[in-house]
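Numbering follows this note's numbering, with no gaps: position 57 of the sequence shown is 114. Shown next, in structure tokens, is the structure this report addresses.
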Amino acid sequence: MSGVGSLFAETHEAAREEIAPGAFVLRGFALSMGTAVLGALREVTAAAPFRNMVTPGGYRMSVAMTNCGALGWVTDRNGYRYDSVDPESGKKWPAMPGAFRELAERAAAEAGFREFRPDACLINRYEPEAKLSLHQDKDERDFTQPIVSVSLGIPAIFLFGGFVRGDKTQRVPLEHGDVVVWGGPARLRYHGVMTLKEDEHPLLGRMRVNLTFRTAG
Ligand code: MD6
Ligand code: FE
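Quick look at the structure:
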């Protein structure tokens, strides 16, 4: 953990950086709830293990995914969608843990979204060499609701673009405990994650885990 990170853990404060209108990085915001969140993550992934889904075009994603909450994001040869059932188990996704919901609602409020009530949490797992291509999040019903994104484990560089795929991107380094909140005018910006470098985190090992909370339904 960096010196700045441990200071935030002690003071329960995070700096709020606006990276574009409506998009904020809250550095270290998740650190004070870290142990509860990591415990809940272990329970969710025991019930609904990470899997590498297939895109509609037939490619196996390098990022492994799972979900919790009433709705989960899935992709297969038929397309992208939200579903209340895990296609691997045929059962409902695990409930959203209280520690997850609390973190997401607090982070949203910190960025000015006081009414955020997530019903979906997509959990992405990256190992070194994994990446996420530029995309828009547009499978949700209500674009007035923000997305809250929590980074855990080894660092990554988040690519934050414009409203068409070819727009210039900014590179935003994200570390364990950083939270990104975006909504309003930023909601439909293209974004992605650059290929992860080899690294090891003291709590999560050779892995980055990203939680994205949305109101999907
Ligand atoms: C990730 N995040 O950071 C992937 N989408 O692993 C996303 O795709 C994302 O962080 C919408 C809003 C925030 C995000
Ligand atoms: Fe996304």
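The C-beta atom is built at its ideal place from N, Cα and C for all residues, glycine as well. Model, not experiment: these values are computed from the prediction.
query: Residue closest to Pro175, alpha-carbon to alpha-carbon, out of Arg271, Leu209, Met122; result: Arg271
query: Any non-hydrogen atom of the ligand FE within 7 Å of His248 CB; result: yes
query: Same chain, Cβ closer than 7 Å to Gly210, neighbours up to 5 away in sequence not counted; result: His233, His258, Leu261, Met264, Arg265, Val266
query: C-beta contact flag for Val250 and Leu189 at 8 Å; result: yes
query: Supposed close pair Trp239, Leu179 - CB separation, criterion 8 Å; result: So it is not a contact: roughly 15 Å between Cβ atoms.
query: Rounded straight-line distance, which links the Cα of Met110 to that of Pro144; result: 11 Å
query: For Glu162, the three-state DSSP class (helix, strand or coil); result: helix
query: Leu260 (DSSP reduced to helix, strand or coil); result: coil
query: Extent of the continuous beta strand (DSSP E) run through Leu83; result: 80 to 83
query: Nearest residue (CA-CA) to Gly85, options Asn135, Val237, His248; result: Val237
query: Burial state of Asp235 (16 or more Cβ within 10 Å); result: buried
query: Gly249 (DSSP reduced to helix, strand or coil); result: strand
query: Ser89 versus Ser119, Ala156, Pro151, residue with shortest Cα-Cα distance; result: Ala156
query: Test item: CB-CB of Arg134 and Pro113 under 8 Å; result: yes
query: Separation of Ala166 from Gly136, as counted between CA atoms; result: 33 Å
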